[in-house]
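**Student:** Quick one: structure below, then a few questions.
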Amino acid sequence: MSRVKSFAVLFLGSLSISIILLILSRIILSGDDHVVNTGFSFGLGNYVLATTLSIISLCIIFHLIIVSTNFEKAVSLELIFIGGLSNLLERLLYGGIVDYWNFIDLWYFNISDLFISVGVFSYFFFNIYYFGNLRSKI
Numbered sequence: 000m001s002r003v004k005s006f007a008v009l010f011l012g013s014l015s016i017s018i019i020l021l022i023l024s025r026i027i028l029s030g031d032d033h034v035v036n037t038g039f040s041f042g043l044g045n046y047v048l049a050t051t052l053s054i055i056s057l058c059i060i061f062h063l064i065i066v067s068t069n070f071e072k073a074v075s076l077e078l079i080f081i082g083g084l085s086n087l088l089e090r091l092l093y094g095g096i097v098d099y100w101n102f103i104d105l106w107y108f109n110i111s112d113l114f115i116s117v118g119v120f121s122y123f124f125f126n127i128y129y130f131g132n133l134r135s136k137i
C-alpha cells in the first residue's frame with residue numbers, strides 16, 4: 000500500500016472511531032450524569048483558546064504520525080490523535096467536551112481522555128524505556 004493510501008486509511012479510521020465516540024457522547028447527553036467542559040482540563044481556559052490549540056495540536060500530531068518511522072510510536076501518536084479529534088468534534092458540535100465518568104468525585108473524564116492518556120503514557124514509555132538508554136537502568 001502506498002504511503003498516501005496508508006495515511007488516508009489512518010485518517011479515515013481515526014475519524015470513524017471519533018464519530019463512534021461522538022455518538023456515545025450524544026447518547027450520554029440525554030442523561031443527567033455528565034459535565035460539558037468548554038475549556039481545558041478542570042474547566043481552565045475558554046472555548047476559543049481551547050479549540051484553536053486543539054486544532055494546532057492535532058495538526059502537529061498528525062505530522063508526527065506521518066514522519067514516524069517506528070510502529071509503536073506511531074500507534075501511540077494515533078491514540079492521542081483519535082482522542083484529540085473526538086474531543087475537537089465534541090467541542091465543535093456541543094460547545095464543549097462531554098465528560099461522563101466521575102472519578103471518585105474529583106473530576107469527570109471520557110473515553111477520549113483515556114485514549115489521550117494511554118497514548119501519551121505509551122509514547123513516553125517507548126521513547127524513554129524501550130528505545131532509550133534507560134532500559135539497562137530500570
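Numbering that gives the first Met the number 0 puts the sequence shown at residues 0 to 137.
Using N, Cα and C, we set each Cβ at its ideal position, and we do this for glycine too.
Here the structure is a predicted model, which means the values were calculated and not measured.
1) Can you give me the start and stop residues for the beta strand (DSSP E) that I96 sits inside?
2) Which two residues bound the contiguous alpha helix (DSSP H) that contains Y122?
3) Helix, strand or coil: which one does DSSP assign to S13?
4) Answer with buried or exposed for S15, where buried requires no fewer than 16 other C-beta atoms within 10 angstroms of its C-beta.
5) Please state if the CB of L11 and the CB of I85 are separated by a distance shorter than 8 Å.
6) If you follow the alpha helix (DSSP H) that S75 is in, where does it begin and where does it stop?
7) Suppose you measure from the CA of G91 to the CA of S17; what does that come to, to the nearest Å?
**Tutor:** Result, derived from the coordinates:
1) I96 to D98 is the span of the beta strand (DSSP E), which, as asked, contains I96.
2) I110 to F123 is the extent of the alpha helix (DSSP H) around Y122.
3) The answer is helix: DSSP assigns S13 an H, G or I state.
4) The residue is exposed, with fewer than 16 neighbouring Cβ atoms inside 10 Å.
5) Looking at the sequence shown, residue 85 is not Ile but Ser. Contact: no.
6) Judged by DSSP secondary structure, S75 falls within the alpha helix (DSSP H) whose first and last residues are F70 to Y93.
7) Sequence check: residue 91 is Leu here, not Gly. About 13 Å.
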